[in-house]
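To keep things clear, I will list the structure first and then write my remarks on it.
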Amino acid sequence: MRQSEPALPLDASRRAFLRSASLAATASMFSGGHITLAGPHPAANTASPVEPALDAKRMRELAAWTGLTMQTPNPVPYGAEVFHSKTGERLMRATNAVRKENDPSAHGEVHAIRLACSKLGSYSLSGYTLYTTCEPCPMCMACALWAGLDRVVYGATLAASARFGHQIMISAAEVVKRSDISCVVDGPVERDFCLTLFTNPNMQKAFKKWNSPKH
Ligand SMILES: [Zn+2]
489 MRQSEPALPL DASRRAFLRS ASLAATASMF SGGHITLAGP HPAANTASPV
539 EPALDAKRMR ELAAWTGLTM QTPNPVPYGA EVFHSKTGER LMRATNAVRK
589 ENDPSAHGEV HAIRLACSKL GSYSLSGYTL YTTCEPCPMC MACALWAGLD
639 RVVYGATLAA SARFGHQIMI SAAEVVKRSD ISCVVDGPVE RDFCLTLFTN
689 PNMQKAFKKW NSPKH
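In C-alpha cells:
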C-alpha cells in the first residue's frame, strides 16, 4: 500500500474496482479460471505517444546488453531498463540477480525498479517506462504497478520463457486488469531477438542447472 493512500474510507472508484474484481473472480470460477481481457487499459498519467521504432531499438539494445552475461559465470536472459517516458533519459538498467545475490525476488524487473527508486530517492517511478527482455511474471508486474510506472514494454512472452524453465502463468495484462492502478503493457517487441537470449548455448547449459533438483 502506498504511504499516501488512506486505508479508509473507500472512495467510489475503489469500491467500483473491488466490485468488478469480485465479479471477475466469480466469473473465473465458471470459465476454468480463464479471464478474457475486455480491452486496453488507458494510462491515467502522462506517458508519451508510443513510438514502435524506438521501442524496438531500445529492446534490441537491452537484449544485446543482457546478452553480455552469457560469457559470465551467471548467464541470464532477463534484463530490464527504466527510461523517463517523456525525455527518454535512461535512469537504470539491471539483469536478473537471483543467483548472484541469493535473492529469489531479484528478477530483472524488480532489480531494476529497486535500483531506479534508490537512485531517485523515491518509491515512485511515475513518469517512467520499463523495458524488459521477457514479459514480467506476476511478482514483477505487481512491483511495476506499485512503483507507478507509466508503461511496461516486454520482449519474449511468458509462454515462450516457460519452455525453458519455471514460470507463473498469469499474464502481465491480467495482473493489470485485476488492479486499480493504470499501466500500459505493450509487447511482444523484438520477440525473436529476445528469444536468442534463451536459446544461447551458454544459457541452455545454465537452464539445465537451474532446472535440476540440486542446484
Ligand atoms: Zn519476475
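Numbering (my numbering), first residue to last: 489 to 703. Ideal Cβ placement from N, Cα and C applies to all residues, glycine included.
| Query | Result |
| --- | --- |
| Helix, strand or coil for Phe571 per DSSP? | strand |
| Excluding the five sequence neighbours on either side, which residues of its own chain have a C-beta within less than 8 angstroms of the C-beta of Ser659, listed in chain order? | Glu623 and Leu646 |
| What's the gap between the Cα of Ile601 and the Cα of Gln692? | 27 angstroms |
| Taking all protein chains shown into account, do 16 or more other C-beta atoms lie within 10 angstroms of the C-beta of Val538, making it buried, or fewer, making it exposed? | exposed |
| Taking just the CA atoms, how far does Ser614 sit from Leu637? | 5 angstroms |
| Could you check if Met657 belongs to the surroundings of ligand 1, using beta carbon to heavy atom distance under 6 angstroms? | no |
| So, with DSSP's three-state summary, where would you put Gly615? | coil |
| With distances taken from each beta carbon to the nearest heavy atom of ligand 1, which residues come in below 7 angstroms, in chain order? | His595, Glu597, Val598, Pro624, Cys625, Met627 and Cys628 |
| Can you tell me the Cα-Cα spacing of Glu650 and Glu549, whole angstroms? | In the sequence as presented, Glu is not what sits at residue 650; that position holds Ala. Their backbone Cα atoms lie some 23 angstroms apart in a straight line. |
| Which residue comes first and which comes last in the beta strand (DSSP E) that contains Leu579? | Arg578 to Thr583 |
| Between the Cα of Lys697 and the Cα atoms of Phe652, Glu569 and Cys682, which residue gives the shortest distance? | Phe652 |
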